[in-house]
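Below: the structure, in structure tokens.
2 protein chains.
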Amino acid sequence: MSPKITVELLRQLRQAMKNSKYIAEPIQAYIVPSGDAHQSEYISPCDCRREFICGFNGSAGIAIVTEQHAAMWTDGRYFLQASQQMDNNWTLMKMGLKETPSQEDWLIGILPENSRVGVDPWIIAADQWKNMFKALAGAGHSLVAVQDNLIDAIWDGRPHRPSTQLITLGLRYTGLTWQDKVTALRAKMSERKISWFVVTALDEIAWLFNLRGSDIEYNPVFFAYAIVGLSTLRLFVDQKRLADPAVREHLQLDTTSQPEMSIQAAPYESVYTELLAICAALGPKDKVWISDKASCALTQVIPKAHRTLIPYTPICLAKAVKNATEIEGMKMAHVSDVHFINLQIPKGMVTEISAADKAEEYRSQQKDFVGLSFPTISSVGPNGAIIHYRPLPETNRTLSLNELYLIDSGAQYMDGTTDVTRTVHFGTPSAFEKECFTSVLKGHIAVSAAVFPNGTKGHLLDSFARAALWDSGLDYLHGTGHGVGCFLNVHEGPCGISYKTFADEPLEAGMIVSDEPGYYEDGSFGIRIENVVLVVPTKTKHNYRNRGSLTFEPLTLVPIQLKMIDTDQLTKRERDWVNEYHRKCREVVGTELERQGRKDGLDWLIRETQPIL
Amino acid sequence: MSPKITVELLRQLRQAMKNSKYIAEPIQAYIVPSGDAHQSEYISPCDCRREFICGFNGSAGIAIVTEQHAAMWTDGRYFLQASQQMDNNWTLMKMGLKETPSQEDWLIGILPENSRVGVDPWIIAADQWKNMFKALAGAGHSLVAVQDNLIDAIWDGRPHRPSTQLITLGLRYTGLTWQDKVTALRAKMSERKISWFVVTALDEIAWLFNLRGSDIEYNPVFFAYAIVGLSTLRLFVDQKRLADPAVREHLQLDTTSQPEMSIQAAPYESVYTELLAICAALGPKDKVWISDKASCALTQVIPKAHRTLIPYTPICLAKAVKNATEIEGMKMAHVSDVHFINLQIPKGMVTEISAADKAEEYRSQQKDFVGLSFPTISSVGPNGAIIHYRPLPETNRTLSLNELYLIDSGAQYMDGTTDVTRTVHFGTPSAFEKECFTSVLKGHIAVSAAVFPNGTKGHLLDSFARAALWDSGLDYLHGTGHGVGCFLNVHEGPCGISYKTFADEPLEAGMIVSDEPGYYEDGSFGIRIENVVLVVPTKTKHNYRNRGSLTFEPLTLVPIQLKMIDTDQLTKRERDWVNEYHRKCREVVGTELERQGRKDGLDWLIRETQPIL
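Written as structure tokens, this is what we have:
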């Protein structure tokens, strides 16, 4: 990996910072965040501005360029990668280390008096803006919104914003028409006396209108905004996309049977002026909902007295609770997803990359396959200990009889999204590897089989996944689970299972999360066992205060490698869980493999799901 | 229970609200919070102003009186009690119910335009003031600080602020001189570039100076403030208390060997003017620490640019980690504390009250006994389901062979503080009672025996205490544990074990918390098993990232009633825990009972600690 040469780019950016074409008065620093205008986790190439300016292409990082300095902040996952990708014009700021200054402190320390710091208000969230604004103001500097993005200004050959074909999803996939979703949303708005809701998250817009796109790799979303009023409906999207007759029909653009369901379509960029116009006409009691993570640009359009910031929008909450059709779809997707039969024994040269390709190939042959849901983590031996590893030609290892193999992968199908991790050994695992695997499995089961009252937040279950590891002095430094979308983003809120958050919403029947404890021995191996699980009601002997109880039902149905399990470490209850899980794998996936006539797969499945004693 | 007649008091208060003797311009509402000026959990009779004005004497509640209305907000624990203690001049505001307005909303709804709302700034915390101020300002009203407390103004015969004799604690109790504590504190201040620290919490002042008092029942503290500078030391306390030669000697008031350890003593009330003087002389870079829970009055004296609010003060953090002497003292106190021998069989008429008295009598005979650490909860049958029950003559039940008996009690000894709950049956418990007890016990053990990495916050252990209950659809609606002081408050921060908080500090070796899961069957019985436990390092097979592991060592050594345990419900590991715990009770407490010649106690102990299979 050689670093990106940035000397010329930085020169151009510093010129732009003084160019009256972009900004009335020169700025002394320019902040380049890593996100897009929609708080997306994955972003489109046209939005990879921080990567463009400094060369570092990890998922998290903020660059700041001043007249003299250039610095980039990222977290522990990326220290090595960032140091390799950035040239010596850049200072790497290692977040989480005591000696690393915050962006504010660093700026205050080096800026001349009364400096102006610029940022694109579309890619900084309102609360980040506010914090930065306050800190700088306290030291006599000002934060200014630069409407023209200065990176775009110097970026020759910047990719266009994608405008992929839209996919319309009928009732058989969604279970609810978009009109019914809008009606339910408006009921929530009326209940809370809200007149307008500005929808900025791409997956929320896709869910609301039962549309999908492929503007962003792995996430079946499309660039758009929406503004939902109590009797009007605005969709801001590249107008070309609406030429498709199927889309026009789906959105009923040419029929106006119900005026309040008539969509006013407008160009993507016009959301700003339209929102300005709406806000200019607000009555004294009108309230406008917007996510507290929305861009500073849009948030500030709404006058403070009318603005109601919400941590989780009603769409986010509704989307998280899957309906019967979506649950059925998710189950189907998971049955399609069992690609592991191709990996029973690595004959000849199988590498991390070729194994990942093989898994993708298998999935791509399945009905309703659309694409992967995230970049496959396919890792042998020590690479498995790099939690966010992605095989590259220069790191690519060969699967062997001597090392553990960890594969974390998933796909988008028309009916659902998958995400599964298995760790397997093709030879004879060491006692330590088995011990760790079994502790991780105990944690996985402790969550999956947990019974808990309605209203329990997922973060309260996180320690269950760790107890067995903690007992022997082990742990893993990531959360235990995340919400999973239905043919949508593989990571979604508002629920999850992590010690890092307190603000998750309570688990409810119909929510879907991952259960993925792990153990990582640096320089040696990584272990993770991940299923996607559905929150389901369960009957208990008693029912304190009539609250009812919940538990999880695994949707992922891939055998857990028996040779990795030290059965002596398991309790009877845990052994029963494994056997019941494998019985279900056999029953459900076996039937499908039979239907597909995959004899080798079926043999593998039978072998891998033998009961343990 | 008959309500307090408040018509005349309210008339007087409303007059005071217009009386120019107390306030320049009339106020239209007056807020009466329930606390004192030191954020104390328990308060002195002279500070029971909310009780005085409305009659309700629960621990939590806020009263507001306007020209026309009087309302009092409290939480679910106290709905019944408050409705019985208040007359019909008062509206009970049930917090936590959807239809109950917030104090702000209620005020805004009923106040005439441009109203002035008054509050004593000494008994409202700075952040509460800020929130109320903002909400009222948004509706055109103002919040004003009324320096003369209007309740005190109308309170005939208000008790004096106590000024009890101070107890000096030598090294054999504290392990550290107050001078060493001050030195360590100043090192922390220098490290963080802090010039002054305003100490407002009574237990922090008592701990810092190795002094105790008895100004507040159950809490061995005394009314005082302290201001610690880098080279000066101010103590604000009733000057009479410093006449005692032992106190003068302890504080070295008449010797000035080290100027920076020379205490400037000043009257309690003068803290305000002294802090004003200090703040007037602050250099541009001087920073002042004060708790973010401190009174609005003191907080606002410190100019914003110099004020550093802290959630947990360095004294709070240092105090929580007990040193070897304190740990030894706490162990001694717990051995003294085993009063249960008096309760083996209730011969004749034993009531909740007489049993509590008997326990107190036993404790009072022990060496170094000072007083109780909280009001004893002694409850039979259905009274046990009232979590904060305290026996009164009109509710007093008799211990019998047919009902469960729960006793939660503790004491202050010169060397430590205790807090223990046991639930026992003198006849034959029902299968359901045993089932619930055993589930609670499993939860108690799951926490007590938990092994977890250094740096783990206590709230992450809370679910361990509930897993067994959740499995059968049961739960309890309180946290699992609180920090415990050493001959100080029985409830202290900054650590604890509760799903309700996220802001607790990580557990560290030397911290002491309670472990007290329960189950409460309304109208029938209550079960709680509480030990005070010490956080101790433990060896594990592995040691991930060299973090080291912790577990708990029970300090409470009181047998857990065997007949309540359904041993079939226990795992082998849990049975081993019970047997090992009882072995230790026998060994440690048995030796002490032998020394005291308490043959009956010893017999009881041997009987109650038989191994289970």
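Just so you know, the protein sequences line up as chains A and B, in that order.
Numbering (the UniProt record's numbering) for the first sequence: 1 to 613.
Numbering (the UniProt record's numbering) for the second sequence: 1 to 613.
All residues carry an ideal CB built from backbone N, CA and C; glycine is no exception.
Could you work out which residue in Y218(B), K285(B), G384(B), E361(B) is closest to G203(B) when comparing CA atoms only? As a working mapping, residue 203(B) is identified with position 203 in the second sequence. A small correction: the amino acid at residue 203(B) is Asp; Gly does not occupy that position in the sequence shown. For the residues Y218(B), K285(B), G384(B), E361(B), the minimum Cα distance to D203(B) belongs to Y218(B).
Pair every Cβ in the segment 297-305 of chain B with every Cβ in the segment 318-337 of chain B, then say whether three or more of these pairs are closer than 8 Å. The way I'd put it, the segment 297-305 of chain B doesn't touch the segment 318-337 of chain B; fewer than three beta-carbon pairs between them come closer than 8 Å.
Closer than 9 Å, CB to CB, is T376(A) near chain B or not? For the purposes of this step, residue 376(A) is taken as the residue at position 376 of the first sequence. T376(A) does not count as touching chain B.
9 Å Cβ cutoff, L406(A) in contact with chain B: Counted from its first residue, the first sequence places residue 406(A) at position 406. No - not a single Cβ of chain B is within 9 Å of the one on L406(A).
Check whether V420(B) and G427(B) have beta carbons under 9 Å apart: Along the second sequence, one-based indexing puts residue 420(B) at 420. Along the second sequence, one-based indexing puts residue 427(B) at 427. Here V420(B) is not near G427(B), since their CB atoms are 9 Å or more apart.
Excluding five sequence neighbours on each side, which residues of the same chain lie with their C-beta closer than 7 Å to the C-beta of C495(A)? Mapped onto the first sequence, residue 495(A) falls at position 495. Within its own chain, the residues whose Cβ lies closer than 7 Å to the Cβ of C495(A), once the five positions on either side in sequence are excluded, are A320, G458, G483, D504, E505, L507, M511, V513, listed in chain order.
In this structure, what does DSSP give as the bridge partners for A509(B)? Locating residue 509(B) in the second sequence gives position 509, counting from the first residue. DSSP, once it has assigned bridges, lists no residue as partnering A509(B).
With I497(A) and G485(A) assumed to form a contact (beta carbons below 8 Å), what rounded beta-carbon distance in angstroms separates them? Within the first sequence, the letter at position 497 stands for residue 497(A). Within the first sequence, the letter at position 485 stands for residue 485(A). Actually they are not in contact, since the Cβ atoms of I497(A) and G485(A) sit about 16 Å apart, beyond 8 Å.
Write down every uninterrupted run of the beta strand (DSSP E) in the segment 174-199 of chain A whose length is 3 residues or greater and which is fully enclosed by it, in chain order. As summarised for the segment 174-199 of chain A, the continuous beta strand (DSSP E) elements at least 3 residues long and confined to that stretch are 196-199, given in chain order.
C-beta atoms of D238(A) and R545(B) nearer than 9 Å: As a working mapping, residue 238(A) is identified with position 238 in the first sequence. As a working mapping, residue 545(B) is identified with position 545 in the second sequence. At the C-beta level, D238(A) and R545(B) stay beyond 9 Å of one another.
Quick test of the definition: if touching needs 3 or more C-beta pairs under 8 Å, does the segment 96-115 of chain A touch the segment 67-75 of chain A? At 8 Å Cβ cutoff, the stretches touch.
Rank W73(A), E360(A), V558(A), L372(A) by C-alpha distance to the C-alpha of F487(A) and give the top, closest one. Numbered from its first residue, the first sequence carries residue 487(A) at position 487. The option with the nearest alpha carbon to F487(A) is L372(A).
In the DSSP assignment, find the beta strand (DSSP E) that holds L111(B) and state where it starts and stops. To locate residue 111(B), count along the second sequence from 1; it is residue 111. L111(B) -> no beta strand (DSSP E), and no H or E assigned at all.
For the UniProt domain "Creatinase N-terminal" (11-147) of chain A, which segments carrying the beta strand (DSSP E) assignment without a break, of at least 3 residues, lie completely within its bounds, in sequence order? Within the UniProt domain "Creatinase N-terminal" (11-147) of chain A, the complete beta strand (DSSP E) runs of at least 3 residues are 29-32, 62-66, 70-74, 91-94, 116-119, 142-145.
Interface residues of chain E around K541(B) at Cβ under 9 Å? Absent here is chain E; the protein component of the structure consists of chains A and B.
Given L211(B) as reference, the closest of Y581(B), G170(B), K240(B) once Cα atoms are compared: Mapped onto the second sequence, residue 211(B) falls at position 211. Checking every option, the nearest Cα to that of L211(B) belongs to G170(B).
Using only the alpha-carbon positions, how far apart do P611(B) and I565(B) sit? Here residue 611(B) corresponds to residue number 611 of the second sequence, with the count starting at 1. Here residue 565(B) corresponds to residue number 565 of the second sequence, with the count starting at 1. A direct Cα-to-Cα measurement between P611(B) and I565(B) gives close to 12 Å.
Using the beta-carbon count (16 or more within 10 Å), is G283(A) buried or exposed? Here residue 283(A) corresponds to residue number 283 of the first sequence, with the count starting at 1. Exposed: under 16 other Cβ atoms inside 10 Å.
Beta carbon of L276(B) nearer than 9 Å to that of K442(B): The residue given as residue 276(B) occupies position 276 in the second sequence. The residue given as residue 442(B) occupies position 442 in the second sequence. At a Cβ-Cβ threshold of 9 Å, L276(B) and K442(B) do not count as neighbours.
Can you pull the chain A residues whose beta carbon is under 9 Å from the beta carbon of V451(B), in chain order? Here residue 451(B) refers to the residue found at position 451 of the second sequence. Per Cβ cutoff of 9 Å: A467, W470, D471, S472, G473.
Helix, strand or coil at E492(A) [DSSP, three-state]: In the first sequence, counting from the first residue as 1, residue 492(A) sits at position 492. In the structure shown, the three-state DSSP call for E492(A) is strand.
State buried or exposed for residue 695(B), treating a residue as buried only when at least 16 other CB atoms are found within 10 Å of its CB. Since the first residue of chain B shown is 1 and the last is 613, residue 695(B) is not available in this structure.
Quick check: is the beta carbon of Y544(A) nearer than 9 Å to any beta carbon in chain B? Sequence index remark: in the first sequence, residue 544(A) carries index 544 (1-based). Yes, contact with chain B.
Per DSSP, cross-strand counterpart(s) of Q165(A): Start at 1 with the first residue of the first sequence, and residue 165(A) comes out as number 165. In DSSP, Q165(A) forms no bridge with anything.
In whole angstroms, what is the alpha-carbon distance linking E403(A) and W604(A)? Position 403 of the first sequence, counted from the first residue, corresponds to residue 403(A). Position 604 of the first sequence, counted from the first residue, corresponds to residue 604(A). Cα to Cα, the separation comes out at about 21 Å.
Give me the Cα-Cα distance between P554(A) and C316(A), rounded to the nearest whole angstrom. If you number the first sequence from 1, residue 554(A) lands on position 554. If you number the first sequence from 1, residue 316(A) lands on position 316. Roughly 23 Å separates the two Cα atoms.
A139(B) Cβ short of 8 Å to the ligand ATP heavy atom set: The ligand ATP is not part of the structure shown, which contains no ligands of any sort.
Taking T456(B) as part of the beta strand (DSSP E), name the residues at either end of that continuous run. In the second sequence, counting from the first residue as 1, residue 456(B) sits at position 456. The continuous stretches of beta strand (DSSP E) do not include T456(B), and DSSP gives it neither H nor E.
Close Cβ partners of T325(B) (< 6 Å) along its chain, the five nearest in sequence each way excluded: The sequence position of residue 325(B) within the second sequence is 325, counting from 1. G175, listed in sequence order.
Can you find a C-beta in chain B that's less than 9 Å from the C-beta of L80(A)? Within the first sequence, numbered from 1, the residue matching residue 80(A) stands at position 80. Taking Cβ atoms only, chain B never reaches closer than 9 Å to L80(A), which makes this a no.
Which bits of chain B does S463(A) rub up against, with CB to CB less than 7 Å? Here the question's residue 463(A) lines up with position 463 in the first sequence. Residues of chain B with a Cβ closer than 7 Å to the Cβ of S463(A) are, in chain order, L460, L461, S463, F464.
In angstroms, rounded to a whole number, what distance separates the CA positions of N19(A) and Q85(A)? Here residue 19(A) refers to the residue found at position 19 of the first sequence. Here residue 85(A) refers to the residue found at position 85 of the first sequence. Distance between the alpha carbons of N19(A) and Q85(A): 29 Å.
Just the chain B side, please: which residues come within less than 8 Å of S549(A) by C-beta, in chain order? By one-based count along the first sequence, residue 549(A) stands at place 549. Taking a Cβ-Cβ cut-off of 8 Å, the neighbours of S549(A) in chain B comprise W470, G473, given in sequence order.
Leaving out five residues before and five after G140(A) in sequence, what residues of the same chain have Cβ atoms less than 7 Å from its Cβ? In the first sequence, counting from the first residue as 1, residue 140(A) sits at position 140. Hits under 7 Å: E113, N114.
Should G601(B) be labelled buried (16 or more other beta-carbon atoms within 10 Å of its own) or exposed? On the second sequence, position 601 is the one that residue 601(B) refers to. The residue in question, G601(B), is buried, as its Cβ has 16 or more Cβ neighbours within 10 Å.
State the beta-bridge partners of G526(A) as determined by DSSP. Here residue 526(A) is taken as the residue at index 526 of the first sequence, counted from 1. Y520(A), per the DSSP bridge assignment.
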